[in-house]
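Working notes, structure below.
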Amino acid sequence: MPKVLRIAVQAPLRSLFDYLPPAGVDPAALRPGVRVQVPFGPRRRIGVLLEIADASELDPARLKPVLAVLDPEPLLSADDLALLAWASRYYHYPIGEALALAFAPLLREGQSAAPETVRVLCPAGPGGAGAEALVKRSPRQAELLRLLREHPAGLPPAILAGLDGGKHAATALVGKGLALWREQAAQVAAAGTGTVHSPAPPLALNPGQAAAVARVLEALGGFRAFLLDGVTGSGKTEVYLRLAGEVLARGGQVMVLVPEISLTPQLEARFRARFPDPLAVYHSGLAAGERRRAWLAMQRGEAAILLGTRSAVFMPMRAPGLIVLDEEHDASFKQHDGFRFSARDVAVMRAHLLKIPVVLGSATPSLESLHNVRQGRYQRLHLPERAGGAAPPLFRLLDIRGQRLVEGLSSQLLSEIGQTLGRREQVLLFVNRRGFAPTLICHACGWVAQCGCCDANLVIHFGEDRLRCHHCGHEQALVRACAQCGDSELRPLGLGTERIEAALEERFPEARVARIDRDSTRRKGSLHQLLDDIHAGRVDILVGTQMLAKGHHFPKVTLVGIVDVDGGLHSTDYRAGERTAQLIMQVAGRAGREDRPGSVLLQTRQPGHPLLCSLIREDYAGFAEVCAAERAAAGLPPFGYQALWRAESAEADRPARFLAGLAEFAGRMQAPSLQVLGPVPAPLARRAGRHRAQLLLQSPRRGELHGAVEALLDAIPELLAGCRVQWSMDIDPVDVY
DNA sequence: AGCACGCCGACT
DNA sequence: GTCGGCGTGCTC
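Right, dumping it as structure tokens:
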């Protein structure tokens, strides 16, 4: 009976494809998880073998044989495949594509996973005086021969290349039979040096840290999810390090995930300083070869520690022992195109399948994770104190209603800035918008400079004398006259980092102001330079966007000013409040380290806003409670589940028409709990010349929601007829744009 | 997603 | 007369 290979082909198709085994290959010897190359229509594709079946539902004549089996052994284990199958089902994303994304790019394209080999030069033939005689007249060959005797296992090419005329001498020695070339497997874990001469000693733990470590250690060897909830500076990293040390000592591998590439170097330095074990770093900023090396090092168990961003959550591990995911509230853990998975949720599911603990850390936990704690699914580990005994920052609201503002800054804020500068301490001002001003308006007629291909205003970038669209990349020279009436009195409207920077330079001419946003740090190394200046005290005032909020510590900052909190509280996005609160706490955490207490001033026109008040008076936990109550009342996540359909097209009415068809279909379904909201235009209804709309499905019952999504996906081919749009479906969306 | 096939306008 | 526009359908 001929066997049939069921293969997940790298294509956006939801089913598996049946193939015959390649000629001369015994299907019984094949294991699920190996990569194969298959004929696919007119092309060849890479796929992954998932099942070996006795028969196909298709006409056997239609089955083609697999062209090649690429791996002698599967690169993905049964656990890895189970995780990807789950993710593919949960996010309703084609299994072949999901699997492809689990591989390092080169492996995804079919490159061999065999260890790289290097050619080493080994000693051979007669030793002693006979050999000496043969090289008597060549000092370079004699020198190389001496070196070879010191390295009987072989000279690696690096040493050979460092030798003057090494290549020639080597060839000569081989010719004389005194040496020979040998192919040797290269150490894959080149990313890990594996040498720490004097490991940094563990820091002393405060009682909270000690308790957290103890609780997780008790759970090693089984599944358990923890929420490590501790304010900035409370020493979460030390907890991760202690746990990692324990897992490594037991021969396990540790996966540590962070939301952004820029956060990897600091963490890498701390892990390397503490542990001699080989460490692999994996994120999309690495070269293809480096990613392949890190991936294989982890897969083979040659690396013990993995440090990566969300794309690393699927990496295979030989001996998984612990998963840590830092800054779990961060929206960057959600992939926002293609395979829209949440690395946080996948990490928890992975730990569950692998029966290991997972630790989610944050100073400002997401409402989802707090909800999971309340439901008993996660165990909360609280770190109440700042390590080193630093005092928490003091929050104050500045009521700016009716006040005269100078470029958005109140006199009270300006006076506190002055006092702080007088004490030779640093000030940090947070403005969540780059550029000079978000709008250029004509004073005579009200015309506003707009992007030609987006429903958005052009942002003024005075420094570079340009107008830019922050949505599509369009830019043009700054105009001098109104395009509508020709008047030359054009005025900036609103605030950006550039404008605040200029205002401060004018008001405090002695102070050195540094602006930190995507524009000022575009050049490689410029962020590093700016941070150096700040730490060395060559900067008095820091003005910046959320770039300032993540990962960096500014011990000399004692005053933090948040120029405009109102904007963040009044968005159409129901998550805006949560995000703003997290941002405020993250920015606040930059102030007042060690001996100097910090204060945080928030300018607002709504000093009575309930979310703001709860945040200031009761801290983040109090805020989260108020916010959760609002969500519960509205059935919003985490109290309800959502799937967001997006559609876009160059033609204005197509997206809404397509989504209306979906909505109608959804309305006819037997799903009483399902709410169908929309279609509505996207918040940015036109972007880069494309019209966009969205449809939200919501239900308090996850099962019912997913059933509806599945049925809709099946109906898509009919609904799409004559209505060409580009669409995507997002399970558990975090951004609605 | 690609890539084929297939049926209607402006060009050497 | 063709080159090519993108609408539609398929990939084991």
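Numbering (this note's numbering), first residue to last: 114 to 850.
Ideal Cβ placement from N, Cα and C applies to all residues, glycine included.
It should be emphasised that the depicted structure is a prediction, and the values quoted were computed from it without experimental measurement.
- Annotation: L189 to L808 spans about 36 Å, alpha carbon to alpha carbon.
- A Cβ-Cβ distance of about 7 Å is found for the pair D677 and L608, placing them in contact under the 8 Å criterion.
- Closest in alpha carbon position to L715, among V673, L143, L276, is V673.
- DSSP assignment within the region 590-631 yields the following whole alpha helix (DSSP H) runs of 4 residues or more, N-terminal first: 610-620.
- The DSSP assignment places 433-439, 470-475 as complete runs of the beta strand (DSSP E) inside the region 423-495, in order along the chain (cut-off: 3 residues).
- Of the other Cβ atoms in all chains shown, 16 or more fall within 10 Å of the Cβ of A476; this residue is therefore buried.
- Take P187, set aside five residues on each side of it, and the residues of its chain with a beta-carbon closer than 6 Å to its own are R144, G146, V147, in chain order.
- Annotation: G576 to L591 spans about 10 Å, alpha carbon to alpha carbon.
- The continuous stretches of beta strand (DSSP E) do not include R221, which lies in the alpha helix (DSSP H) extending over residues 218-221.
- Counting along the chain, the unbroken beta strand (DSSP E) around H574 starts and ends at 572-574.
- P115 and L392 have their C-alpha atoms spaced approximately 45 Å apart.
- For the pair of segments examined, the region 447-463 was found to touch the region 201-216: the number of CB pairs separated by less than 8 Å reaches three.
- Taking one beta carbon from each stretch, the region 683-701 and the region 709-725 have 3 or more pairs nearer than 8 Å; the two touch.
- By the Cβ-count criterion, D167 is exposed, with fewer than 16 other Cβ atoms from all chains shown falling within 10 Å of its own Cβ.
- Comparing alpha carbon positions, the residue from D686, T671, R815 closest to R536 is T671.
- In the structure shown, the three-state DSSP call for F153 is strand.
- For A401, the closest C-alpha among the options A217, P140, V161, G638 is that of A217.
- The count of Cβ pairs closer than 8 Å, one atom from the region 319-332 and one from the region 344-360, reaches three, so the stretches are in contact.
- If you look at Q322, you'll find it in the alpha helix (DSSP H) that goes 320-332.
- Closest in C-alpha terms to D184, from the list V138, R404, D686, comes V138.
- Membership of V678 in any beta strand (DSSP E) is not indicated, and neither H nor E is assigned to it by DSSP.
- In chain order, A503, A504, P506, T671, G711 place their CB closer than 7 Å to the CB of G705, counting only its own chain and leaving out the 5 sequence neighbours on each side.
- 8 Å or more divides the Cβ of A425 from the Cβ of A416.
- Take W560, set aside five residues on each side of it, and the residues of its chain with a beta-carbon closer than 8 Å to its own are I554, C595, A596, Q597, C598, in chain order.
- Here the region 283-296 makes contact with the region 251-269; the two share three or more CB pairs at distances below 8 Å.
- Excluding residues up to 5 positions away in sequence, R547 lie with their Cβ nearer than 6 Å to the Cβ of D632 in the same chain.
- Here DSSP, grouped into helix, strand and coil, assigns I159 to strand.
- Between G434 and V360 the beta-carbon gap is near 4 Å, inside 8 Å, which marks them as a contact.
- Spatial neighbours of S523 in its own chain (CB-CB distance under 7 Å, excluding positions within 5 residues in sequence) are listed in chain order as L511, I513, Q516, Q716.
- Rounded to the nearest whole angstrom, the C-alpha separation of Q448 and D845 is 11 Å.
- By the criterion of a C-beta distance shorter than 6 Å, R620 is surrounded by no residue of its chain, once the five residues flanking it on both sides are discounted.
- Taking one beta carbon from each stretch, the region 487-494 and the region 642-658 have fewer than 3 pairs nearer than 8 Å; the two do not touch.
- Looking at the DSSP output, Y132 shares a beta bridge with L118.
- About 7 Å separates the Cβ atoms of R628 and E611, confirming a contact at the 8 Å cut-off.
- Contact between G223 and A124 is absent: CB atoms are separated by about 14 Å, not below the 8 Å threshold.
- In the structure shown, A166 falls within a strand segment according to DSSP collapsed to helix, strand and coil.
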